[in-house]
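Q:
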Amino acid sequence: MQRLLFVLAAALMLGGCNMVYAEQPLFTAADAASVSAMRPGLWSKRTADCAFDSAKPIADWPECADPVLVTADRMGDPDKPDKQGAYILAGGDPRVLQMELEMDPDKPAIWIFVGLKPLKTDTEGRITEARTWMVQCGPPPPPRPETAEASAAPANETPQQAEARIQAEIAAAVAAGVTREPLPGLEIKEGMCIARERDPVRNAARASLAWDDGEESIIYWVRDGVE
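According to the working numbering, numbering within the sequence shown proceeds without interruption in unit steps and concludes at 238.
#1: Might you give, ordered along the chain, the residues of its own chain that have their beta carbon closer than 7 angstroms to the beta carbon of T139, omitting 5 neighbours on each side?
#2: Have a look at V197 and P105 and give me their C-alpha separation to the nearest angstrom.
#3: Using three-state DSSP, classify P92 as helix, strand or coil.
#4: Secondary structure at S47, three-state DSSP: helix, strand or coil?
#5: Going by C-alpha to C-alpha distance, which of P170, E174 and G126 sits closest to A221?
#6: Can you look up Q147 in the DSSP assignment and give me helix, strand or coil?
#7: Looking at I121: is its Cβ nearer than 9 angstroms to the Cβ of V146?
#8: For the structure I just gave you, are there three or more beta carbon pairs, one from the region 93-113 and one from the region 69-78, closer than 8 angstroms?
#9: For C204, which residues does DSSP report across the bridge?
#10: By a C-beta neighbour count over all protein chains shown, 10 Å radius and 16 as the cutoff for buried, is R209 buried or exposed?
#11: Determine the DSSP secondary structure at G188, reduced to helix, strand or coil.
#12: Within the continuous alpha helix (DSSP H) that includes S219, where are the two ends?
#13: Give the secondary structure of A76 by DSSP, where H, G and I count as helix, E and B as strand, and everything else as coil.
#14: Residues in its own chain within less than 7 angstroms of L194 by CB, not counting five upstream and five downstream?
#15: Between G244 and D42, is the Cβ-Cβ spacing less than 9 angstroms?
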């Protein structure tokens, strides 16, 4: 999940991402009250081809393990506190994981959303394994045709012409990456999908289960602490 968050941050900075985000948190601590929580500690992504000794220091884990540190209210890179953000795992059906994401230290944080279905719990009722998927804005758009790739710079192109060409290609990529049919309550703004209320996010989380774009994953609790 950690690596996925970095990819999502890059996608958002470039625009043209079909995921739902918010400019302020939509879920609060009250939405997480009286429901099961993720067990604090180190988490990893479960894949059939990623075997490792979880007792070893995370520095010795393979890249595929994708470790994430989860505390009661923050998650992110185990080794970098500045790469950890606040989160809330809201109750409801489906569960929605709201995560703070800082794209640029000089810009306000944003919040992204992940659908989450608990699969296993411990004796205290804390979630130890879950299925996750990105909350999308609407049906994924059709793939861009190969002819839409960035064009080569014409001969004798001036700096101003080059800038205009690059901006036009970026705008085309942004438009191509976002759904043509945003779900009710979601707004497309400058190539990004904005939610301003909780209910549209829940609706999008439910609908996104049908749009398997490869971002679905199984995550699981590995152990306490980071040592």
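For each residue, glycine too, the CB sits at the ideal point set by N, CA and C.
A: On the basis of the supplied data:
#1: Counting from one through the sequence shown, the residue named residue 139 turns up at place 128. Taken in chain order, the residues that qualify are R50, K131, T132, D133, Y231 and W232.
#2: As a first step, residue 197 must be located in the sequence shown, where it is residue number 186. As a first step, residue 105 must be located in the sequence shown, where it is residue number 94. A small correction: the amino acid at residue 197 is Leu; Val does not occupy that position in the sequence shown. In a straight line, the C-alpha of L197 is about 18 angstroms away from that of P105.
#3: For the purposes of this step, residue 92 is taken as residue 81 along the sequence shown, with counting starting at 1. Three-state DSSP puts P92 in a helix.
#4: Your numbering for residue 47 matches position 36 in the sequence shown. If DSSP states are grouped into helix, strand and coil, S47 belongs with coil.
#5: One-based indexing of the sequence shown puts residue 221 at position 210. That would be G126, whose Cα lies nearest to the Cα of A221.
#6: Numbered from 1 along the sequence shown, position 136 holds the residue referred to as residue 147. If DSSP states are grouped into helix, strand and coil, Q147 belongs with the strands.
#7: Taking the first residue of the sequence shown as position 1, residue 121 is located at position 110. Taking the first residue of the sequence shown as position 1, residue 146 is located at position 135. Not in contact: I121 and V146 (Cβ atoms no closer than 9 angstroms).
#8: no
#9: In the sequence shown, residue 204 corresponds to position 193, counting from 1. For C204, which the question treats as bridged, DSSP gives the partners V31 and I199.
#10: The count along the sequence shown starts at 1 and reaches residue 209 at position 198. So R209 ends up on the buried side.
#11: Translated into the one-based positions of the sequence shown, residue 188 becomes position 177. G188: helix per DSSP, three-state reduction.
#12: Within the sequence shown, the letter at position 208 stands for residue 219. R209 to S219 is the extent of the alpha helix (DSSP H) around S219.
#13: Taking the sequence shown and counting its residues from 1, one reaches residue 76 at position 65. Residue state, collapsed to three classes: helix.
#14: Along the sequence shown, one-based indexing puts residue 194 at 183. Answer for L194: C148, G149, P211, N214, A215 and A218, listed in chain order.
#15: The question about residue 244 has no answer, for the chain in this structure spans 12 to 238.
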